[in-house]
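Have a look at the structure below, then the notes.
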Amino acid sequence: MNLNNLKLHHKLVPDNYLKLALEAQRCKEIQIKELLEKRKLPDVGWTEELIEYVIQQLAALDNNNFEHKIGLGEREARMASKLVINRNYGFGHGIGRSGDLLEAQPKAVGSTIVAQLSNALVLDVMRLQGIKSVKSCFIAPMATGMTLTLCLLSLKKRRPPAKYVLWSRIDQKSCFKSITTAGLTPIIIDTVKRDEQDGLFTDLGKFEENLSCKDREEILCIISTTSCFGPRNCDDIISLAGLAAKFDVPHVVNNAYGLQSTYLTHQLEQANSAGRVDLFVQSTDKNFMVPVGGAIVAGFEESSVHTVAKAYAGRASSSQSLDVLITLLCLGKIGYQDLISQRKLNFVYISLAFELKTLYTDVATELGSMLFTPGVSGTRIVTKGCNKCIDGFEFADWGSHESNLDCAYLTVAV
2 MNLNNLKLHH KLVPDNYLKL ALEAQRCKEI QIKELLEKRK LPDVGWTEEL
52 IEYVIQQLAA LDNNNFEHKI GLGEREARMA SKLVINRNYG FGHGIGRSGD
102 LLEAQPKAVG STIVAQLSNA LVLDVMRLQG IKSVKSCFIA PMATGMTLTL
152 CLLSLKKRRP PAKYVLWSRI DQKSCFKSIT TAGLTPIIID TVKRDEQDGL
202 FTDLGKFEEN LSCKDREEIL CIISTTSCFG PRNCDDIISL AGLAAKFDVP
252 HVVNNAYGLQ STYLTHQLEQ ANSAGRVDLF VQSTDKNFMV PVGGAIVAGF
302 EESSVHTVAK AYAGRASSSQ SLDVLITLLC LGKIGYQDLI SQRKLNFVYI
352 SLAFELKTLY TDVATELGSM LFTPGVSGTR IVTKGCNKCI DGFEFADWGS
402 HESNLDCAYL TVAV
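Under the working numbering, the letters of the sequence shown match residues 2 to 415, in that order.
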């Protein structure tokens with residue numbers, strides 16, 4: 002209720018009391034006005050009461066929440082359960098229009114503002130984290146794997162003859178299946194060891210060999226990965242960006258949980274300066290601590306990002322955007338940066354691995370369940386000889402990111 006422009010009768014409340022109360026109200030309105038005008042993360046996180054106030058005001062702008070309305074269409078944000086209405090703050094129309102996630106929805110002004118505002122705040126976070134040159138991003142209503150598939154399908158429209166994806170091996174099914182689900186053929190390039198250096202590294206020689214030998218028109222893109230489980234290191238995305246520019250081939254980076262690492266965000270910034278990075282994708286749940294179901298598509302050219310948004314079929318859920326908006330307003334710039342600093346203090350790397358040389362395979366596998374039973378989740382035991390077939394492709398020593406595993410190990414992201 003905005004009382005600023007109303008003259009209340011003195012019998013309702015004395016003028017001097019009202020003046021003090023309205024001053025407090027104005028402070029709240031100034032915060033909201035600043036958010037909507039600047040579209041930047043507030044320095045200090047907002048109270049839950051203020052966040053709910055804003056969300057409710059925005060929800061009131063969607064036509065399903067109008068006091069007098071008659072919905073005659075097949076999609077009028079009808080919700081049968083009051084619990085569902087409350088869970089979604091009354092938002093029911095979704096975002097996007099006619100297969101474009103960035104298009105305004107005429108029935109849902111509030112939902113459109115939520116989507117655009119959350120995209121703007123995420124863009125601000127990316128720049129704060131060191132990706133200064135990023136031009137555009139949007140929250141897709143799908144987790145990382147399916148969002149990568151959407152990116153590949155949008156590239157396929159621009160390069161119809163292309164059918165191959167040069168993929169630096171990372172033993173996570175979602176990344177690999179994003180390629181096969183798009184109907185494309187992966188060219189798997191194993192990671193390699195280096196003398197006197199820990200971990201696994203990008204085989205740049207194999208990438209250049211494939212780029213040189215194959216018809217460039219048949220190569221859709223390179224897919225590299227930043228964040229991953231040890232002992233695999235971040236791909237050399239700077240050198241791969243150079244190869245992508247040299248051979249004029251698109252480059253997509255799987256940055257699943259890399260936004261929380263300033264080392265990885267600076268790698269992305271340098272890769273763009275050194276060569277070519279068309280798109281990079283990151284998870285909302287891993288980087289912003291919200292429920293699983295969303296991912297962020299970002300790029301250094303607006304046109305590349307907008308092409309992906311236009312490739313989405315139909316309208317989309319606004320839940321993921323709303324979760325991110327609430328979380329970022331709750332944290333604020335200082336709160337988010339405190340979390341990043343805390344992660345660095347806990348452990349400088351994004352994951353680690355322990356060799357289990359003294360344990361037999363059966364005992365090593367048992368260790369995983371011994372940790373899980375008392376509540377330690379997120380660890381992974383990788384053993385030699387665990388082969389897997391995914392969509393017709395054979396992987397030796399699955400889980401190790403290589404085909405010649407020396408010994409079993411335990412790995413965990415931190």
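Note that the Cβ used here is the ideal one computed from N, Cα and C, for glycine as well.
Check: Is Asn388 buried or exposed, if buried means 16 or more other CB atoms sit within 10 Å of its CB?; Outcome: exposed
Check: Taking 8 Å as the cut-off, does the region 17-28 touch the region 40-55 (at least 3 CB pairs, one atom from each stretch)?; Outcome: no
Check: For Glu104, name the three-state secondary structure that DSSP assigns.; Outcome: coil
Check: Around the C-beta of Tyr361, are 16 or more other C-beta atoms found within 10 angstroms, so that it is buried, or is it exposed?; Outcome: exposed
Check: Go ahead and label Ala296 buried or exposed: buried means 16 or more other beta carbons lie within 10 angstroms of its beta carbon, across all protein chains shown.; Outcome: buried
Check: By how many angstroms is the C-alpha of Glu197 removed from the C-alpha of Thr374?; Outcome: 37 Å
Check: So what does DSSP say about Glu356, is it helix, strand or coil?; Outcome: strand
Check: Alpha carbon to alpha carbon, what distance is there between Ala121 and Gly97?; Outcome: 16 Å
Check: Opposite Thr226 in the DSSP bridges: which residues?; Outcome: Asn255
Check: Of the residues Phe281, Val309, Asp172, Ala61, which one's Cα is nearest the Cα of Asn234?; Outcome: Asp172
Check: Of all the options Asp199, Leu340, Ser274, which has the alpha carbon lying nearest to the alpha carbon of Ser262?; Outcome: Leu340
Check: Comparing C-alpha positions only, which one of Gln130, Leu124, Ile132, Thr181 sits nearest to Leu151?; Outcome: Thr181
Check: Under DSSP, the alpha helix (DSSP H) around Cys152 begins and ends at which residues?; Outcome: 145-159
Check: Using the three-state DSSP reduction, which class does Tyr313 fall into: helix, strand or coil?; Outcome: coil
Check: What first and last residue would you give for the beta strand (DSSP E) that runs through Ile189?; Outcome: 186-190
Check: Just to confirm, is the Cβ distance from Gly243 to Gly276 under 8 Å?; Outcome: yes
Check: In the DSSP assignment, find the beta strand (DSSP E) that holds Leu13 and state where it starts and stops.; Outcome: Per DSSP, Leu13 belongs to no beta strand (DSSP E) and is neither H nor E.
Check: Rounded to whole angstroms, what is the Cα-Cα separation between Leu212 and Ala299?; Outcome: 25 Å
Check: Whole angstroms is fine: what's the gap from Leu84's alpha carbon to Lys20's?; Outcome: 38 Å
Check: Using a Cβ distance threshold of 8 Å, determine whether the region 199-207 contacts the region 318-338, with at least three qualifying pairs required.; Outcome: no
Check: Do Cys176 and Val306 have their beta-carbon atoms positioned less than 8 Å apart in this structure?; Outcome: no
Check: On the three-state DSSP scale, how would you describe Asp216?; Outcome: coil
Check: Between which two residues does the alpha helix (DSSP H) carrying Ile341 extend?; Outcome: 320-347
Check: What is the DSSP secondary structure of Ala365, reduced to helix, strand or coil?; Outcome: helix
Check: Taking DSSP as the reference, what is the three-state secondary structure of Thr380?; Outcome: strand
Check: Where does Ala314 land, buried or exposed, given buried means 16+ other C-beta within 10 angstroms?; Outcome: exposed
Check: Check for me: the alpha helix (DSSP H) holding Tyr416 runs from which residue to which?; Outcome: Residue 416 is absent from the structure shown; the chain starts at 2 and stops at 415.
Check: In or out: Asp249 buried (at least 16 other Cβ within 10 Å) or exposed?; Outcome: exposed
Check: Quick one: grab the DSSP three-state call for Val306.; Outcome: helix
Check: As a quick exercise: from Thr285, Ala245, Tyr258, pick the residue whose alpha carbon is nearest that of Asp279.; Outcome: Ala245
Check: With three or more beta-carbon pairs closer than 8 Å as the criterion, would you say the region 155-173 touches the region 214-223?; Outcome: yes
Check: Which residues does DSSP pair with Ser284 in a beta bridge?; Outcome: Ala296
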